[in-house]
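For what it's worth, the numbering used here labels the leading residue of the sequence shown as 8, then goes sequentially.
Every residue gets a Cβ at the ideal spot worked out from N, C-alpha and C, and that includes glycine.
Because the structure is a prediction, the values reported are computed rather than measured.
Note sheet for the following structure.
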Amino acid sequence: MNYHHRIDGAEVDLPVGKVVCVGRNYAAHARELNNPVPSEPVLFIKPNTSIVRLADPVAIPSHLGQCHFEAEMSILIAEELKAGCDEQQAQQAIAGVGLALDLTLRDLQQQLKDKSLPWEKAKAFDGACPVSDFVSVNRAGDLQDQQIQMYQNQQLRQDGNSADMLTPVLPLLVYISQFFTLLPGDMLLTGTPAGVGPLAIGDQLQLSLSDLIQCQTQICAAI
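Below, the structure is given as structure tokens:
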């Protein structure tokens with residue numbers, strides 16, 4: 008793995024841990040996929056083997072069917088969060104804020120859902136979590152007022168604000184910690200706004216988080 012966490016341009020001494028993702032955390036996204044709006048967070052995990060740099064070309068396994076983009080705000084954890092933590096502790100545990108793509112093999116995911124099987128093969132494959140560098144939490148400001156945008160071949164596809172999350176960041180961290188411990192170097196993907204869609208080889212993507220992060224990448228075929 009050639010990925011290392013970076014905050015404000017500098018590499019930080021944190022391990023590369025698991026990625027905890029929140030499904031359907033924007034009501035409009037749930038509806039666009041004909042999914043019910045959940046009454047509590049929907050959680051799944053990507054392993055650290057899924058993490059790659061968003062700045063590098065993003066390889067997709069297109070031989071496995073459609074691969075969809077889902078742009079999300081990401082949170083880097085620097086302190087352990089366990090069951091019983093509160094929102095103040097959750098706030099103190101955040102090291103940085105960034106962008107990520109929750110890549111999803113949509114055809115395969117639907118096949119698995121139709122059989123009432125877990126989603127891991129569609130969500131946790133190698134390279135399924137391209138991530139940007141992070142900005143420090145102090146620079147980021149209000150986590151619930153961040154604009155998430157993604158352009159595909161210069162066409163705006165996703166444009167949402169973290170204010171529209173069904174469960175905000177700090178309650179999410181408290182909720183997650185009830186089920187499994189968050190460790191230094193773990194990441195949280197906070198859910199995607201509406202507008203997701205398929206990727207094609209050669210696509211050019213531009214992503215931004217408010218005026219904090221701007222990055223671009225190109226889609227290529229997985230070897």
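Boundaries of the beta strand (DSSP E) in which residue i is found, first to last residue
i      : result
Ile208 : Careful: Ile208 lies outside any beta strand (DSSP E) and carries neither H nor E.
Pro137 : 136–138
Ser81  : 78–84
Lys53  : 49–53
Spatially closest choice to residue i from the options, by CA coordinates
i      : options                      : result
Ile52  : Val65, Lys25, Leu83          : Lys25
Thr56  : Ala170, Lys130, Val49        : Lys130
Ile220 : Gly16, Arg31, Ala170         : Gly16
Ile226 : Asn160, Ile183, Asp114       : Asn160
Tyr33  : Asp114, Asp20, Pro22, Pro48  : Pro48
Arg60  : Gln153, Tyr10, Ala207        : Tyr10
Asp109 : Glu94, Cys74, Leu115         : Cys74
Pro22  : Arg31, Met8, Gly30           : Met8
Phe132 : His12, Thr174, Pro54, Ser184 : Pro54
Leu83  : Gln98, Ile208, Met157        : Gln98
Leu163 : Cys28, Gly30, Gln211         : Gln211
Ser184 : Asp63, Asp93, Gly30, Asp20   : Asp93
Val138 : Cys28, Asp149, Leu179, Ile58 : Ile58
Gln96  : Leu50, Tyr182, Gln154        : Tyr182
Leu195 : Thr174, Cys222, Gln165       : Thr174
Alpha helix (DSSP H) segment containing residue i, residue limits
i      : result
Tyr182 : 176–184
Val144 : 144–147
Leu115 : 113–121
Ala129 : 127–130
Ala100 : 94–100
Paired residues, beta bridge with residue i - DSSP
i      : result
Ala107 : Glu79, Val138
Arg13  : Glu18
Gly167 : Ile155
Gln225 : Gln211
Gln162 : Gln159
Ile58  : Cys136
Ala66  : Cys227
Leu216 : Ile155, Ile220
Gly30  : Val49
Met172 : Tyr33
Counting Cβ pairs, one atom from each stretch, are 3 or more of them under 8 Å apart for the stretch 87–102 and the stretch 181–201? yes
Counting pairs of beta carbons, one from the stretch 194–202 and one from the stretch 70–81, are three or more of them closer than 8 Å? yes
Is the number of C-beta pairs between the stretch 114–130 and the stretch 140–150 that are closer than 8 Å three or more? no
Pairing CB atoms from the stretch 98–106 with CB atoms from the stretch 66–75, are three or more of them under 8 Å? no
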